[in-house]
Amino acid sequence: MKTAEQKVIDVLKSNGGVARTRDFLTGGVHPRDLYKMRDAGQIVCIARGLYQIPGQPPDAPDIATICKKIPNGVLCLISALSLHQITTEIPRAVHIALKRGAAKPQLNYPPVATYWMSEAAFEAGVERMNIEGLDVPVYCAEKTLADCFKYRNKIGMDTVLEALRLYRERFRFDGNKLMHYAKICRVDNIMRPYLEASL
Numbered sequence: 004m005k006t007a008e009q010k011v012i013d014v015l016k017s018n019g020g021v022a023r024t025r026d027f028l029t030g031g032v033h034p035r036d037l038y039k040m041r042d043a044g045q046i047v048c049i050a051r052g053l054y055q056i057p058g059q060p061p062d063a064p065d066i067a068t069i070c071k072k073i074p075n076g077v078l079c080l081i082s083a084l085s086l087h088q089i090t091t092e093i094p095r096a097v098h099i100a101l102k103r104g105a106a107k108p109q110l111n112y113p114p115v116a117t118y119w120m121s122e123a124a125f126e127a128g129v130e131r132m133n134i135e136g137l138d139v140p141v142y143c144a145e146k147t148l149a150d151c152f153k154y155r156n157k158i159g160m161d162t163v164l165e166a167l168r169l170y171r172e173r174f175r176f177d178g179n180k181l182m183h184y185a186k187i188c189r190v191d192n193i194m195r196p197y198l199e200a201s202l
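In the numbering used here, the protein residues as written are 4 to 202.
Here you go:
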């Protein structure tokens, strides 16, 4: 028969290293055992009702928290640039896209920058990355660049141009794919001169 500690670790492992209180309850863990392990430092509370295994990389908890608390969101802009390694900027918040009309996330931590997109823009270019065992939805590099041009006044044109340069250096430059997403995001006229200059 499994000990309470084994049950807690099993639940954490099956949830990519981060789990909610209800995940533990479903997994047969008594709240008293959960709090006992927390108080002993065997698990860490990273947000209200959200726990992780100690010693995870510093960026994983933020992404994990967002994935657990905002399951209908997609990582975008600076966060997506960072995951694709086409920025030198360190995200000061987790940038997340939501479908227009979705409620604003109620999170005290981590800091979240939220962007509401039309259905077409929200659903285009979503891929999934495995980050520390988590299945994370994130926009592909080309869709991310189109988003960056759309939100250039919020993130800064320097960041956008650096991302375009690094994309060209690190990815196979795909002008057709970039323009496809530019049209969906309605920034094709803005992006076209920059893409032509990159050829």
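Yeah, the Cβ is synthetic: ideal placement off N, Cα and C, and Gly gets one too.
Tell me which residue opens and which closes the alpha helix (DSSP H) that Arg155 is part of.
For this step, residue 155 is matched to residue 152 along the sequence shown. Here the alpha helix (DSSP H) through Arg155 covers Arg155 to Ile158.
Check whether the region 100-115 and the region 164-178 are in contact - that is, three or more C-beta pairs closer than 8 Å.
Of all C-beta pairs linking the region 100-115 to the region 164-178, fewer than three are shorter than 8 Å, placing the two stretches out of contact.
Three-state secondary structure assigned by DSSP to Asp138
Translated into positions along the sequence shown, residue 138 becomes position 135. Note: Asp138 maps to strand in three-state DSSP.
From Ala149, His87, Ile69 and Gln109, residue whose alpha carbon lies closest to that of His98
Taking the first residue of the sequence shown as 1, we reach residue 98 at position 95. With distances taken between Cα atoms, His98 lies closest to Ile69.
Closest to Cys79 by C-alpha separation, out of Tyr54, Ala116 and Gln45, would be which residue?
In the sequence shown, residue 79 corresponds to position 76, counting from 1. Among Tyr54, Ala116 and Gln45, the Cα nearest to that of Cys79 is on Ala116.
Count the other C-beta atoms from every protein chain shown that fall within 10 angstroms of the C-beta of His33, then say buried if there are 16 or more, exposed otherwise.
Counting from one through the sequence shown, the residue named residue 33 turns up at place 30. Exposed: under 16 other Cβ atoms inside 10 Å.
What is the residue span of the alpha helix (DSSP H) that Gln9 lies within?
Counting from one through the sequence shown, the residue named residue 9 turns up at place 6. Where Gln9 is concerned, the enclosing alpha helix (DSSP H) stretches over Ala7 to Ser17.
Would you give the residue range spanned by the beta strand (DSSP E) that His98 belongs to?
On the sequence shown, position 95 is the one that residue 98 refers to. Per DSSP, His98 is one residue of the beta strand (DSSP E) stretching across Val97 to Lys102.
Among the candidates Leu37, Arg189, Asn179 and Cys188, whose CA atom is the shortest distance from the CA of Glu199?
Within the sequence shown, residue 199 is the residue found at index 196, counting from 1. Selected option, being the one with the closest Cα: Asn179.
Outcome for Pro60 when other beta-carbon atoms lying within 10 angstroms are tallied against a minimum of 16:
One-based indexing of the sequence shown puts residue 60 at position 57. With a pLDDT of only 48 at Pro60, under the threshold of 50, the placement of this residue in the model should not be trusted; the figure read from the coordinates follows. Exposed is the call here.
Spatial neighbours of Asn18 within its chain, please: C-beta separation below 6 Å, excluding the five flanking residues on both sides.
Numbered from 1 along the sequence shown, position 15 holds the residue referred to as residue 18. Its chain contains Asp26 as the residues whose beta carbon lies nearer than 6 Å to that of Asn18, once the 5 sequence neighbours on both sides are disregarded; these appear in chain order.
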